[in-house]
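In what follows, a structure is listed as structure tokens, so that the remarks can point back to it.
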Amino acid sequence: CNSMQLIIKVDDLIFSLICIYRSPNDDLDNFIIALDLFLSQINNSFLSVFCGDININILKNSNISNDYLNIMARNGYLPCINNFTRVTNLSGSCIDHIFIKNIKINKVNSYILRCDITDHYATILMLSDLYTNENIPSYTLKSDMINTSHLDLLIKTENWYSCLDYENVDIMIEVFNSKLKEFINCSSYSNIKYKSKKMFKIKEWITTGIITSIRNRQKLYAKLRTRPFDSNFRQYYISYRNTLNLLIRRSKQLNYQNKLHRAQSNTKQVWNIINEVTGKPYQNTSKINRIINKDGIVIESKVDICNELNSFFVNVASNLGIEHYNNSDKFLFNNNIIEDSIFLKQIDANEIEALLAKIKNHTSFYENGVTNYLLKNVRKSISLPLAIIFNKSLLTGKYSSNFKKCTVIPLFKSGDKLLCGNYRPISLSLTLSKIFEKCIKVRIVNFLNTKSYFSKKQFGFRTGMSTNDALFEVDSFIRKNIDKKYKVLGIFLDVHKAFDCVNHDILLEKLDKAGIRGVANNLFKSFISGRTQRVKIDDFFSESLDISCGVPQGTVLGPLLFIIFINDLLNIKTNINIELFSFADDTAILVSNPTVYNLYYEANNILNTVYGWFCKNKLKLNLT
Numbered sequence: 004c005n006s007m008q009l010i011i012k013v014d015d016l017i018f019s020l021i022c023i024y025r026s027p028n029d030d031l032d033n034f035i036i037a038l039d040l041f042l043s044q045i046n047n048s049f050l051s052v053f054c055g056d057i058n059i060n061i062l063k064n065s066n067i068s069n070d071y072l073n074i075m076a077r078n079g080y081l082p083c084i085n086n087f088t089r090v091t092n093l094s095g096s097c098i099d100h101i102f103i104k105n106i107k108i109n110k111v112n113s114y115i116l117r118c119d120i121t122d123h124y125a126t127i128l129m130l131s132d133l134y135t136n137e138n139i140p141s142y143t144l145k146s147d148m149i150n151t152s153h154l155d156l157l158i159k160t161e162n163w164y165s166c167l168d169y170e171n172v173d174i175m176i177e178v179f180n181s182k183l184k185e186f187i188n189c190s191s192y193s194n195i196k197y198k199s200k201k202m203f204k205i206k207e208w209i210t211t212g213i214i215t216s217i218r219n220r221q222k223l224y225a226k227l228r229t230r231p232f233d234s235n236f237r238q239y240y241i242s243y244r245n246t247l248n249l250l251i252r253r254s255k256q257l258n259y260q261n262k263l264h265r266a267q268s269n270t271k272q273v274w275n276i277i278n279e280v281t282g283k284p285y286q287n288t289s290k291i292n293r294i295i296n297k298d299g300i301v302i303e304s305k306v307d308i309c310n311e312l313n314s315f316f317v318n319v320a321s322n323l324g325i326e327h328y329n330n331s332d333k334f335l336f337n338n339n340i341i342e343d344s345i346f347l348k349q350i351d352a353n354e355i356e357a358l359l360a361k362i363k364n365h366t367s368f369y370e371n372g373v374t375n376y377l378l379k380n381v382r383k384s385i386s387l388p389l390a391i392i393f394n395k396s397l398l399t400g401k402y403s404s405n406f407k408k409c410t411v412i413p414l415f416k417s418g419d420k421l422l423c424g425n426y427r428p429i430s431l432s433l434t435l436s437k438i439f440e441k442c443i444k445v446r447i448v449n450f451l452n453t454k455s456y457f458s459k460k461q462f463g464f465r466t467g468m469s470t471n472d473a474l475f476e477v478d479s480f481i482r483k484n485i486d487k488k489y490k491v492l493g494i495f496l497d498v499h500k501a502f503d504c505v506n507h508d509i510l511l512e513k514l515d516k517a518g519i520r521g522v523a524n525n526l527f528k529s530f531i532s533g534r535t536q537r538v539k540i541d542d543f544f545s546e547s548l549d550i551s552c553g554v555p556q557g558t559v560l561g562p563l564l565f566i567i568f569i570n571d572l573l574n575i576k577t578n579i580n581i582e583l584f585s586f587a588d589d590t591a592i593l594v595s596n597p598t599v600y601n602l603y604y605e606a607n608n609i610l611n612t613v614y615g616w617f618c619k620n621k622l623k624l625n626l627t
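To convert, note that position 323 of the sequence shown is 326 in the working numbering; the numbers rise steadily by one, no gaps.
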């Protein structure tokens, strides 16, 4: 036979779930002997459930069925199914069984569900009230237990101008959090909800009409069971069933076609849909069972793994041994200087409200258990205090310390899973921090675009540009020079831990050269400095460590700061036979020349210049 045993632990309760399929052709005597031996070896303290398609009719008085039931009883198993589970036109049998052990019979409800999925009926076991009074699990406060209308009213009627009348942004955030927590407590109520049939999520392609047809099909099937010899009615049922199945398949196909059409500009969504259609299981990228620490020892403790990864992430630049830049030729700016200085326009409450309306209900987080769903529901009232806080930050050039505490999820890239270097740190920033970052980003990008700051050869993290645009430019350069009978050479560069190695002093000076000076520069200095992070794996956390280098991945401003940092690389002066292209931290150098000798000569010259730029900017090329 085929068998599987699953041990399930729920708090202090341990369940043993045994599932068996015995083919009708298997030897019954051998099965009975093996079953007796197997059951005798199971821990007697477990709450055990035995189920499966055994193909032994326990309703029939026979030697084999009696032996089978005696063995189950001798090992402490009680039957829960005692009616037909397979019915044909001529007979009925109970060959699909459920037995229980160490579970009180009054805690159990068992059912036989007549359905037309197979020629066997479905068997169902429901366990209830297994907990004693001492170990009943507690229910935590959730957003559906908060009266959002009352909360919205409390926030709206508060005098926020007086309440937030401070010069220190951190104090303002503390007062705001305290008030919000107070209002939430006043708007909360105890409410435990139990799932009903209506709470189960129905597939997107199952329409109301299809649900009605499914119910009609079930009624027809139930009627067919009472009229097994009515061939005309059986044929009608089969025709109805097949038509409905075809309709469901077409509805599902149309649903995914529409989803792909809506997501055609978002590659990530397209692949998520493809994986959903093909049934590819979700890969838990944060599942890390062991790694090698800096001493070369394999560690398996989740807390130790978190601490080791966190230490690696915050020290990645120093671990790479990047040399100091040469002050005599600072950073190779190439005269990419904007004379005008940016003025950060005040943030309007309507702008914040519009951004809150677009956040997803279940992504990102705030604190004190506040979800995006809750923030979205009170966005009209909460946008005013947020505008007061954000504008104070713009005015003083101080970014709240509360917004600079992040949790990092290690994302596996490729290679050996035991090596820390093969994981990318993704920051989970606070939702309100992301809203503020979006407000800042709009102002910075608009200013830099009016000054034509960004190189036309940078295609990463820019609105309206994609990998397709980069490929088109590269392809055009190659085709143009091949048509001229020139040789073309491509050099493709990858920066090692690019985001994590951005030097703060160099970045701030580049921002100054780009016209982001004074208070705006101070704001970015405050944004990148004084940050702390902790690594999370499953439900385990590392200690918090200070970050002294890099721009945080997973934030809104991180990618923008990186392309500002790397922008002057693309402004290196070259001749018409050389072009540089970048998509974020990936850079391509294309060189063309009529002769191979001159091609190599020019390629080496530009490569030396580019290598010098990376050294002076404290970035290290990946040579592997």
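Yeah, the Cβ is synthetic: ideal placement off N, Cα and C, and Gly gets one too.
Inter-residue CB distance, Lys379 and Ile362 (contact presumed, cutoff 8 Å): 6 Å
Going residue by residue through the stretch 17–93, where are the continuous beta strand (DSSP E) segments of at least 3 residues, counting only ones entirely within it? 50–56
Contacting residues, own chain, Cβ-Cβ under 6 Å from Trp208 (five flanking each side not counted): Ser254, Lys255, Asn258
With a threshold of 16 other CB atoms inside 10 Å of the CB of His264, please say whether the residue is buried or exposed. exposed
Note down the Cα distance separating Asn330 from Asp508, rounded to an integer number of angstroms. Its pLDDT being 45, under 50, Asn330 is placed unreliably by the model, and nothing is read from it.
What does a CB cutoff of less than 6 Å around Thr143 pick up in its chain, not counting 5 residues either side in sequence? Note that Thr143 scores a pLDDT of 44, beneath 50, so its modelled location is shaky; the value from the coordinates is reported in the next line. Around Thr143: no qualifying Cβ.
Classify Cys118 as buried or exposed, calling it buried when 16 or more other Cβ atoms lie within 10 Å of its own Cβ. exposed
The beta strand (DSSP E) that contains Tyr243, what's its start and end? Element bounds for Tyr243: not the beta strand (DSSP E) but the alpha helix (DSSP H), 234–265.
Alpha carbon to alpha carbon, how far is Lys619 from Thr612? Give it in angstroms, no decimals. 11 Å
Quick check: the Cα distance between Glu161 and Ile302, rounded to an integer number of angstroms? 52 Å
Out of curiosity, what's the CA-to-CA distance linking Ala501 and Val178? 37 Å
With DSSP collapsed to three states, give me the class of Val554. coil
Assign Ser51 to one of two classes, buried (16 or more other C-beta atoms within 10 Å of its C-beta) or exposed (fewer than that). buried
Exposure of Gly340, with buried meaning 16 or more beta-carbon neighbours within 10 Å: Per the sequence shown, residue 340 should be read as Ile rather than Gly. Looking at its Cβ environment, which holds fewer than 16 other Cβ atoms inside 10 Å, Ile340 is exposed.
Could you check how far apart the C-beta atoms of Ser404 and Gly557 are, in whole angstroms? I think they sit under 8 Å. Actually they do not touch by this definition, with Cβ atoms about 18 Å apart.
Measure from the alpha carbon of Leu422 to the alpha carbon of each residue in Leu38, Ala523, Gly299, then state which is nearest. Gly299
How would you write the range of the alpha helix (DSSP H) that Pro562 sits in, first residue to last? 560–569
What did DSSP end up calling Cys442 once you bin it into helix, strand or coil? helix
Please name the residue in Leu610, Arg230, Asn310 whose C-alpha comes closest to that of Leu583. Leu610
Could you tell me the alpha carbon to alpha carbon distance between Ile67 and Asp122, rounded to whole angstroms? 23 Å
Buried or exposed (CB count within 10 angstroms, at least 16 for buried), Cys309: buried
Helix or strand or just coil, what does DSSP make of Pro597? coil
Alpha helix (DSSP H) runs wholly inside the stretch 467–506, at least 4 long, in chain order: 470–486
Segment limits, alpha helix (DSSP H) that includes Asp307: 305–317
Whose C-alpha, out of Leu116, His499, Leu81, is nearest the C-alpha of Ile108? Leu81
Going along the chain, which residues of its own chain have a beta-carbon closer than 6 Å to the beta-carbon of Ser199, five neighbours each way excluded? With a pLDDT of 48 at Ser199, under the threshold of 50, the modelled position of that residue is not reliable, and the figure given next carries that caveat. Excluding sequence neighbours, Ser199 sits near nothing in its chain.
Within its chain, find whatever has a CB closer than 7 Å to the CB of Lys395; leave out the 5 residues flanking it on each side and keep chain order. Val172, Met175
In three-state terms, what does DSSP make of Ile362? coil
Within a Cβ cutoff of 8 Å, which residues of the same chain sit near Ala606, ignoring the five residues on either side of it in sequence? Leu492, Ile494, Ile592, Val594
Please list, in chain order, all residues of the same chain as Gly463 whose beta carbon is under 7 Å from its beta carbon, the five residues on each side excluded. Ile566, Ser585, Phe586, Ala587
Per-residue DSSP class, three states only, for Cys4: coil
Assess, as a yes-or-no matter, whether the stretch 69–88 is touched by the stretch 34–45 under the definition of 3 or more beta carbon pairs within less than 8 Å. yes
DSSP on Pro428, reduced to helix/strand/coil? strand
Which residue wins for smallest C-alpha separation from Ser314, given the options Leu560, Ile550, Cys54, Asn570? Ile550
Could you name the residues of the same chain whose beta carbon sits closer than 6 Å to that of Asn112, not counting the 5 residues immediately before and after it, in chain order? Met129
Please state if the CB of Leu312 and the CB of His499 are separated by a distance shorter than 8 Å. no
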